[in-house]
Amino acid sequence: MQFAEAYSHHNGRDQWAQRELDAWLMDVFQKPDLTVGPGSTTAIRDHVKAELAAEGWPFDVKIDQSYDLTVFGVKDDLSFHLQTGNASRAPYDLLKLQHLWSVRRIEAAALALPTKQAAANIGSNIASFERIMNELRLFDRTITVPIFLIGFE
59 MQFAEAYSHH
69 NGRDQWAQRE
79 LDAWLMDVFQ
89 KPDLTVGPGS
99 TTAIRDHVKA
109 ELAAEGWPFD
119 VKIDQSYDLT
129 VFGVKDDLSF
139 HLQTGNASRA
149 PYDLLKLQHL
159 WSVRRIEAAA
169 LALPTKQAAA
179 NIGSNIASFE
189 RIMNELRLFD
199 RTITVPIFLI
209 GFE
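Just so we're aligned: the sequence shown equals residues 59 to 211 in my numbering.
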């Protein structure tokens, strides 16, 4: 697995850079011995979770105590989410991140997804970096949370 590209929605990358976490987050996706392909999503998630855990990130954080809705992690005023599954889940992830920002629980978020080619290697109808980047551009005035979008392959 390797970092492939990034997109900054509403200056999301700048928010991570101000905290000196942008390069670190991209480095999380540098693991040459992890092949992105069929059956690799558990290994990808385990690797990312281990990297974030080493930095003190809590996992499966509820976005509201009254609901069983979670994001991958929240630390201080940042949220991180990883999507390696069905494409229909990614817009829902954006909605959860937007909620956290709207209630002022976070100042910025990051969302990591496989590139289009890597998603195709994993399986069919997998969420991809390119698709979400285009949807963020389309819904620019709806999804207003600053997001650092990460693409890996």
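Beta carbons are placed, not taken as given, at the ideal position from N, Cα and C, and that holds for glycine. All values derive from a computational prediction rather than experimental measurement.
Annotation for Y65: the continuous beta strand (DSSP E) segment containing it runs F61 to H67. In the three-state reduction of the DSSP assignment, I164 falls in the coil class, being assigned neither a helical nor a strand state. Taking G95 as the centre and dropping the five residues before and after it, the same chain places the C-beta of N179 and I180 closer than 7 Å to its C-beta, in chain order. The Cβ-Cβ distance between G97 and F206 does not fall below 8 Å.
Contact check for L155 and L169: beta-carbon distance about 7 Å, within the 8 Å limit, so the pair qualifies.
According to DSSP, residue pairing for P172 in a beta bridge involves F210.
When the five nearest sequence neighbours on each side are left out, the beta carbons in the same chain lying within less than 7 Å of the beta carbon of D135 are those of I164 and E165, in order along the chain. Of G143, E193 and R195, the smallest CA-CA separation from S182 is found for G143. Restricting attention to alpha helix (DSSP H) runs no shorter than 4 residues, the segment 98-139 encloses them at 99-111, ordered along the chain.
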